[in-house]
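Residue numbers (this note's numbering): 12 to 71.
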């Protein structure tokens, strides 16, 4: 993530999204204006992410 810190906007594809904020590179990208797809096997984690990142992330 250090290499991307000055880039604003972009797209990502995250597999094993884990938590919406803690220990999350996707969260850092989201804060920098990126959008993308987050994939996780846990419907609980996907539902939790939808609450925090509505509109910018497509969940699978």
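Backbone N, C-alpha and C define an ideal beta-carbon position, used for all residues, glycine too.
Cβ-Cβ separation between residue 25 and residue 37: approximately 4 Å, consistent with a contact (criterion under 8 Å). In terms of CA proximity to residue 56, 35 leads the group 20, 35, 23 and 17. Within a 10 Å sphere around the beta-carbon of residue 18 sit fewer than 16 other beta-carbons, which makes this residue exposed. In the structure shown, residue 26 falls within a strand segment according to DSSP collapsed to helix, strand and coil. Exclusion of the five residues before and after residue 47 leaves 22, 23, 24, 25 and 68 as the residues of its chain whose Cβ lies within less than 7 Å of its Cβ. When the five nearest sequence neighbours on each side are left out, the beta carbons in the same chain lying within less than 6 Å of the beta carbon of residue 44 are those of 19 and 20, in order along the chain.
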